[in-house]
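Residue numbers (our numbering): 46 to 696.
Each residue gets a CB set at the ideal place from its N, CA and C atoms; glycine is no exception.
Structure first, then comments.
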C-alpha cells in the first residue's frame, strides 16, 4: 500500500457495532507520527471512532469497557503484561515491525489494517494464559541450551543447503548438561539433555514451527520438550525428522525427546546454563517457569486456530513422559564423555531385562514338561504329515527363551548366565531326542513324510530365517510392549521339529536323516544366538569391547555351520535350473500317443540325481515307452540322471 493512503473497508463487509465507550491507542514515545495518524484516520473513516492516544508507560488503566490498541514493541508489551493492572485491559495488537513475537504468539495478521479489522469485528477479547520466566512474561518460548533445530523455521527448498549445513554443524556440536526438573505437583526428573524448549501454546511461526499440533492457549499448562539423544544414531534420527521432514508431533515424538506438561516448572543445574527468552540471551543455574491463568485479555488474530481460542477447563493432571531420557549413570556418562555412536541401555533398564533372562534361562519342571509335550506333538505331526499340528508344537516349545538368555550371556561374558542357559539347552535337546526316539521306536511306521524330508536339506535361506528370528526374539525380550510377538518368532524359527526329526532318524538308525535335521537345528541355534547378541549390542546392553570375544566365537561357529549350507544352497540353485529345463517337457509323443509329463521333484543328494516325474496316459505304459520318456529327460537336462516315474491312467 502506498505511503499516506488509507485502506477503505469493503462495503460488503459486515461490522459489529462498536461496544467500547473509549478506544485508546497506546504508543511508544518514539512512534512514527505519520503511522499513528493513519491509524486514527482509518478508525474514524471506517468505524466512526475517535481514538485517544496515550504514551507508554505514562498511562493509567481506565474502565473495563475500554479497548486498548497496542502500537508497541515486544519488550514494551512484555513490560505491560507484567503489570498487575494489565489483567483488566482488553488489548488488540497492531503490527509495527517491532512486535514480531507478539504477532506470531497471538496469530495477528501481518498487515496493519487487517489486524485492526480483526480487533474491531471480534465479539470480545479472549482470556489467555500467560507464561512467565522468573516473573517475566514470555511471548514466544524459552530455549535452554541447544535444541538442535526444534525451533528453527525454514521457508521452501531454497534453504535446503542451509539445512544441510546446520545439520552437519549440530552433529559436530553435541553437548549434554545435567538438569533437575520439578513440576507443580512435585514430580522430579533428573536427567542430562542437550537442550529444553518451553512454551505455553503453539501457533505456526518463528517460536516453534516444527510442532504441527494446535495447542490451546487457555488450558493452564506450559509444555517442556527435553532433547536427550543417548547415541549418535538416535540423534541422527531426530535431526532427520526436524531438519528434513520438518515435522514433530507431540503425541508421537521419538524416544530422544521427553515431554512435561504442568502449570509450573523449576529447572536447575549444577552448572550455569544459557537460555534464550524471546530472542534475549540470559545465563543462570536455575529458572522458575509458571502459568498465570487468564493472565491477559487479548484479541486473537486471524492466524489463530479455533482450538487455541477455545476455553478449556484447567486439568489437574500433569503429563510427565520421560521414559526415554537418560537416567543416573547414563546421564553422568553423557555429560562427562563423548556421546556413544550406538545406544547404551540404562542400568535400570538392563537390570530388569537381565533378571528376566536369568529366570528364563533356568531349567525347571515347567520347561521339562513343555519340552516333552512339544516334542511328542511335533513327532506326531511329522508322522501324520500335518503342518497345523507341527505349528502347534512350535508355539508350545520353550527353547527360544534359553537361547536368548544364552545370547545375552555370550554378549556380556556372564559366566553364571552362560552356565544356566547352556545347562537348560543341553537338557532340552536331550529331552527332545530321547522322547522323539522312543516315540519312533514304538511307532509301527517307517515312512519318510514330506514334513520330515523338508527338514533334511537346510541351506543358507534357513540361516536367514534363524538370523531374522534371533533379531525379533532379542528385540521382543528387550521391549516388553512387543513381547506378545514371541509366539510368532517361535513359529518362524521352528526349533523343536528339527530335533524331533533327528530323534526319528536315531530311532530308524538313518544317519542321513540325523545329519540333515541336526544340521538344521545347529543352523537355527547359531543364527539366533549371533543375531540376538548383535541386537542386544545395538540396543546398548553391552559395551563393544566386552562383547568382542563372545561374538567372535559365535561368528566362527556360524561360519563352520554355513559351509554345508552354502553347498546345499548351490544344490537348490542347480535344482531350480533343472526344474526350469524340464518345463519344456510337458508332453511326450510315443507311438502316436500323447503322454502328459509333470516334474514332481529332484533329489540331488545322490551321486547321480534322481528326477521324480508323473505321467498321464490313456493306456498302461510298457517298459519301452518308459525308457523313451527317461531318455527324453536325459537329453533335455544334458546330463545322466535316474528317472523315477509315477504313471497314472486317464479315464
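Legend entry - Unbroken stretches of the alpha helix (DSSP H), 4 residues or longer, contained in the stretch 114-183: 119-127, 145-150, 157-165
Inset, instruction - Count the CB pairs spanning the stretch 411-424 and the stretch 373-380 that are closer than 8 Å, and state whether there are at least three. - result: no
Legend entry - Reduced DSSP secondary structure (H/G/I, E/B, other) of residue 626: helix
Legend entry - Proximity test, Cβ basis, 8 Å: residue 520 and chain B: Considering every chain present, this structure includes no chain B. It has just one protein chain.
Inset, instruction - Below 7 Å CB to CB, which residues in the same chain sit around residue 396 once its five sequence neighbours on both sides are set aside? - result: none
Legend entry - residue 199 versus residue 149: straight-line alpha-carbon distance, rounded: Confidence is the limiting factor: at residue 199 the pLDDT is only 42, short of 50, which leaves the residue's position unreliable, though a coordinate-based value still follows. Looking at the two C-alpha atoms, the distance is approximately 15 Å.
Inset, instruction - For residue 225, collect the residues of the same chain with a Cβ closer than 6 Å to its Cβ; drop the 5 residues on either side in sequence, then sort them by chain order. - result: 235, 313
Inset, instruction - Report buried or exposed for residue 447, applying the criterion of at least 16 other Cβ atoms within 10 angstroms of its Cβ. - result: buried
Legend entry - Contact check, residue 595 vs residue 578, beta carbons under 8 Å: yes
Legend entry - Closest residue to residue 524 among 430, 368, 641, 663 (Cα-Cα distance): 368
Inset, instruction - Return the chain-ordered list of same chain residues with a C-beta closer than 8 Å to the C-beta of residue 479, the five sequence neighbours on each side being excluded. - result: 548
Inset, instruction - Please confirm whether residue 485 and residue 561 have their CB atoms less than 8 Å apart. - result: no
Legend entry - According to DSSP, residues forming a beta bridge with residue 268: 244, 306
Legend entry - Cβ-based neighbour list, residue 645, same chain, cut-off 8 Å, excluding 5 preceding and 5 following: 657, 658, 659, 691
Inset, instruction - Determine the extent of the beta strand (DSSP E) in which residue 71 is found, giving its start and end residues. - result: 67-72
Inset, instruction - Check whether the Cβ atoms of residue 329 and residue 242 sit closer than 8 Å, and answer yes or no. - result: no
Inset, instruction - Would you decide whether residue 90 is buried or exposed? Buried here means 16 or more other CB atoms lie within 10 Å of its CB. - result: exposed
Inset, instruction - In angstroms with no decimal places, state the Cα-to-Cα distance between residue 638 and residue 494. - result: 34 Å
Inset, instruction - List the endpoints of the continuous alpha helix (DSSP H) containing residue 29. - result: The question about residue 29 has no answer, for the chain in this structure spans 46 to 696.
Inset, instruction - Locate the beta strand (DSSP E) running through residue 80, then write down its first and last residues. - result: That residue, residue 80, is in no beta strand (DSSP E); its alpha helix (DSSP H) goes 78-92.
Legend entry - Segment limits, alpha helix (DSSP H) that includes residue 659: Unbroken run through residue 659 is the beta strand (DSSP E), 655-662; no alpha helix (DSSP H).
Legend entry - Distance, residue 154 Cα to residue 135 Cα: 18 Å
Inset, instruction - Flag this pair as yes or no: are the beta carbons of residue 99 and residue 69 separated by less than 8 Å? - result: yes
Inset, instruction - Can you check DSSP and say which residues form a bridge with residue 222? - result: 238
Legend entry - residue 680 classed as buried or exposed, judged by whether at least 16 other C-beta atoms fall within 10 angstroms: exposed
Inset, instruction - Out of 521, 151, 429, 67, point me to the one whose CA is closest to residue 92's CA. - result: 67
Legend entry - Given residue 626 as reference, the closest of 674, 587, 678, 487 once Cα atoms are compared: 678
Legend entry - Assigned secondary structure, residue 210 (DSSP; H/G/I helix, E/B strand, else coil): helix
Legend entry - Exposure label - residue 252; buried when at least 16 CB within 10 Å: At residue 252, the pLDDT of 39 sits below 50, so the modelled position is not reliable and the matter cannot be decided from this model.
Inset, instruction - Check whether the Cβ atoms of residue 320 and residue 332 sit closer than 8 Å, and answer yes or no. - result: yes
Legend entry - For residue 426, the three-state DSSP class (helix, strand or coil): helix
Legend entry - From 112, 105, 110, 143, residue whose alpha carbon lies closest to that of residue 123: 143
Legend entry - Collapsed DSSP secondary structure at residue 494 in the structure displayed: coil
Inset, instruction - Along the beta strand (DSSP E) that carries residue 507, what are the first and last residues, could you check? - result: No beta strand (DSSP E) contains residue 507, which is instead part of the alpha helix (DSSP H) from 505-523.
Inset, instruction - Within 10 angstroms of the Cβ of residue 450, are there 16 or more other Cβ atoms? Answer buried if so, exposed if not. - result: buried
Inset, instruction - Quick one: residues in its chain with C-beta nearer than 6 Å to the C-beta of residue 193, no 5 flanking neighbours on either side, listed in chain order? - result: 215
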